[in-house]
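Quick notes on the structure that follows.
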Amino acid sequence: MTKWLAMMAILFSTQAISSPAGLSEPLILRQVTLNGTVGPAYYSRIEEGYRFVSVPKAEENARLAGMR
Numbered sequence: 464m465t466k467w468l469a470m471m472a473i474l475f476s477t478q479a480i481s482s483p484a485g486l487s488e489p490l491i492l493r494q495v496t497l498n499g500t501v502g503p504a505y506y507s508r509i510e511e512g513y514r515f516v517s518v519p520k521a522e523e524n525a526r527l528a529g530m531r
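Mapped onto our numbering, the consecutive letters of the sequence shown carry residue numbers 464 to 531.
Rendered as structure tokens:
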């Protein structure tokens, strides 16, 4: 019985520690245009702006080549 209680205490303590911090918000993707780049993005509350999920390859190549 004592082993069972100890195991349950460990289980509940790890569950409490591993819970997420902060507000639970759904990830909402939107189609946005930023600096001439169009694509799906999400709003980052930390950075207070939209972040692209992925940059289209042609746009990235043009940026790296200094064309944009």
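Note that the Cβ used here is the ideal one computed from N, Cα and C, for glycine as well.
In or out: residue i buried (at least 16 other Cβ within 10 Å) or exposed?
{"i": "Ala528", "result": "exposed"}
{"i": "Ala469", "result": "exposed"}
For the beta strand (DSSP E) containing residue i, list its first residue and its last residue.
{"i": "Val495", "result": "Leu492 to Leu497"}
{"i": "Gly502", "result": "Thr500 to Ser507"}
In whole angstroms, what is the alpha-carbon distance linking residue i and residue j?
{"i": "Arg493", "j": "Phe475", "result": "38 Å"}
{"i": "Tyr506", "j": "Met471", "result": "40 Å"}
{"i": "Thr496", "j": "Gly502", "result": "7 Å"}
{"i": "Ser517", "j": "Ile473", "result": "41 Å"}
{"i": "Ile491", "j": "Gly499", "result": "21 Å"}
{"i": "Arg514", "j": "Ala504", "result": "5 Å"}
For residue i, list the residues DSSP reports as bridge partners.
{"i": "Arg514", "result": "Tyr505"}
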